[in-house]
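Student: Under the numbering used here, the first residue of the sequence shown is numbered 22, with each subsequent residue one higher. Every residue, glycine too, gets a C-beta built ideally from N, C-alpha and C. Can you keep this structure in mind? I'll have questions shortly.
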Amino acid sequence: GLVAISGVFQKATRAVAARKHFLEPARQLAQTLLTQQEMRALHKTEISTVAREGRKGPFRYRIERLRWPDSPGLERVEVTVSWRDRGKSGSVTLVTLLPRQR
């Protein structure tokens, strides 16, 4: 009984550690991608697509830009970074409002 519980606890602890191993780099990538979008908005660089997808290392990312319904001059920008590890998926999403690109 106790040995089996200890084994299950150790497996669960390793799984949590593995997820944390991906979580911080994924959050950093999402923040970098969001900062790039902010810089483009600040410098009024033309952004040609509403959604963009890509890969970086073990991560997939998606950047979506949608009009903000409450203000025609703003866009909702959402960056999602996802990964798979040992058959389990994880993701982190960051969202901000930016001036709408014309």
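With burial defined as no fewer than 16 other Cβ atoms inside 10 Å of the residue's Cβ, what is the status of A47: buried or exposed?
Tutor: By the neighbour-count rule (16 or more Cβ atoms within 10 Å), A47 is buried.
Student: Which runs of the beta strand (DSSP E), 3 residues or longer, sit entirely within the stretch 83 to 123?
Tutor: Whole beta strand (DSSP E) segments, 3+ residues: 95 to 106 and 109 to 120.
Student: Which residues bound the beta strand (DSSP E) around K77?
Tutor: Taken as a continuous stretch (DSSP letters only), the beta strand (DSSP E) holding K77 covers A72 to K77.
Student: Assign Q58 to buried or exposed, taking buried as 16 or more other Cβ atoms, counted over all protein chains shown, within 10 Å of its Cβ.
Tutor: Answer is buried; the Cβ neighbour count reaches 16.
Student: Closest to R88 by CA distance: which of T117, L44 and T53 is it?
Tutor: Out of T117, L44 and T53, T117 has the C-alpha closest to the C-alpha of R88.
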